[in-house]
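Input: a single structure, listed below in structure tokens.
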Amino acid sequence: MSEQHYIQLRDLRNPLVVMAFSGWNDAGSAASQAVEHLSDEFDAELAFELDPDDYYDFQVNRPQVSRPEPTEQEITWPTTSIEVAHLSHRDLVLITGPEPNMRWRQFARNLVSMMRSWDRPQVLVLGALLADTPHTRPIPVSGTTSDLAQAEELGLELSTYEGPTGIVGVIQAACAEAGISVVSFWAAVPHYVSHAPSPKATLALLTRVEDFLGRSLELRELPELARAWERGVDELASEDSEIAEYIATLERQQDETELPEASGDAIAAEFQRYLRRRGQ
1 MSEQHYIQLR DLRNPLVVMA FSGWNDAGSA ASQAVEHLSD EFDAELAFEL
51 DPDDYYDFQV NRPQVSRPEP TEQEITWPTT SIEVAHLSHR DLVLITGPEP
101 NMRWRQFARN LVSMMRSWDR PQVLVLGALL ADTPHTRPIP VSGTTSDLAQ
151 AEELGLELST YEGPTGIVGV IQAACAEAGI SVVSFWAAVP HYVSHAPSPK
201 ATLALLTRVE DFLGRSLELR ELPELARAWE RGVDELASED SEIAEYIATL
251 ERQQDETELP EASGDAIAAE FQRYLRRRGQ
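Using my numbering, read the sequence shown as starting at 1 and increasing by one per residue.
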């Protein structure tokens, strides 16, 4: 790492680490695109990239060839990048890349070792999973933490998941062992329309990030892309009666199980976002 890049990761102010990894943890590429949006929003600068030879199987995550000029050839290797953005009241560290193929424990230890050198870092993990949810309703986003005090403070659920995990689960466990607080937001992408991109799920994740940061984001064309995505799925469903009936069943199930207080909380949260945008 160069001295310039080292300085970028030294003396960070109240750092918030936001991470997402494409692949198993990232249905519809919703989480990785949310981090990409944050990078563009805050003009994040690349601090460094991990050596891909240590963590990636290039037969699974193949390098990409590009030709900037007819006589030139460049190869881009899959890797994990660490970017830094400086907000008015804190620093933002963005970690993203394909889910590594090997040496997960070493990978997690290296990231946690970097974070332990900072003063009281917070970690926000973004993910997306396939679920039985209708595309016509707001994309559900679950927020969890393994810290009881943080769960009470932020109104989150305690993590209760048991089963197979991805790299984010390994990193969360390593953070917990190191005493670093971690919050996770997971978007539920309709499984019958799981191909990337999924702008409605990305928008749902960024909305929760707004709440976590306590500030509004410039969402630019994302709301319109989400509406266009929903209209496109509507058109496809209208051409298949079985899919249309299945979606109607999911809508009925969600409407029947949604608690009134949950709807009230959603309205209150949306009103808070509206006030923040007016303030900015």
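Even glycine gets a Cβ: it sits at the ideal position worked out from N, Cα and C.
Suppose the cutoff is 6 angstroms on Cβ atoms and the five residues either side in sequence are ignored; what does the same chain contact list for residue i look like?
i, result
"Val-183", "Leu-124, Thr-145"
"Pro-221", "A small correction: the amino acid at residue 221 is Glu; Pro does not occupy that position in the sequence shown. None."
What is the DSSP secondary structure of residue i, counted as helix, strand or coil?
i, result
"Val-170", "helix"
"Gln-4", "Note that Gln-4 scores a pLDDT of 42, beneath 50, so its modelled location is shaky and nothing firm can be said."
"Val-60", "coil"
"Pro-140", "coil"
"Gln-122", "strand"
"Phe-212", "helix"
Out of the options, which one is the CA nearest neighbour of residue i?
i, options, result
"Glu-83", "Asp-53, Pro-100, Ala-128, Met-19", "Met-19"
"Arg-62", "Pro-52, Ser-159, Glu-69, Leu-225", "Pro-52"
"Ala-128", "Trp-104, Trp-118, Gly-166", "Gly-166"
"Leu-203", "Ile-180, Gly-179, Trp-229", "Trp-229"
"Trp-118", "Leu-148, Asp-255, Trp-24, Val-17", "Val-17"
"Glu-218", "Asp-26, Leu-38, Asp-11", "Leu-38"
"Asp-57", "Pro-70, Asp-40, Trp-77", "Trp-77"
Is the distance from the Cβ of residue i to the Cβ of residue j below 7 angstroms?
i, j, result
"Leu-9", "Ala-47", "yes"
"Ala-196", "Ala-187", "no"
"Pro-190", "Leu-225", "no"
"Ala-31", "Leu-126", "yes"
"Val-65", "Asn-101", "no"
"Ala-149", "Leu-158", "no"
Might you give, ordered along the chain, the residues of its own chain that have their beta carbon closer than 7 angstroms to the beta carbon of residue i, omitting 5 neighbours on each side?
i, result
"Arg-109", "Ala-174"
"Val-193", "His-135, Val-233"
"Glu-177", "none"
Does any C-beta atom of chain D lie closer than 7 angstroms to the C-beta of residue i?
i, result
"Ala-27", "No chain D appears in the structure shown, which is made up of a single protein chain."
Below 8 angstroms CB to CB, which residues in the same chain sit around residue i once its five sequence neighbours on both sides are set aside?
i, result
"Glu-45", "Gln-8, Glu-83, Val-84, Ala-85"
"Pro-68", "Glu-74"
"Arg-208", "Val-141, Gly-143, Phe-185"
Of all the alpha helix (DSSP H) runs that stay within the bounds of the stretch 166–210, which reach a length of 4 or more residues? 167–177
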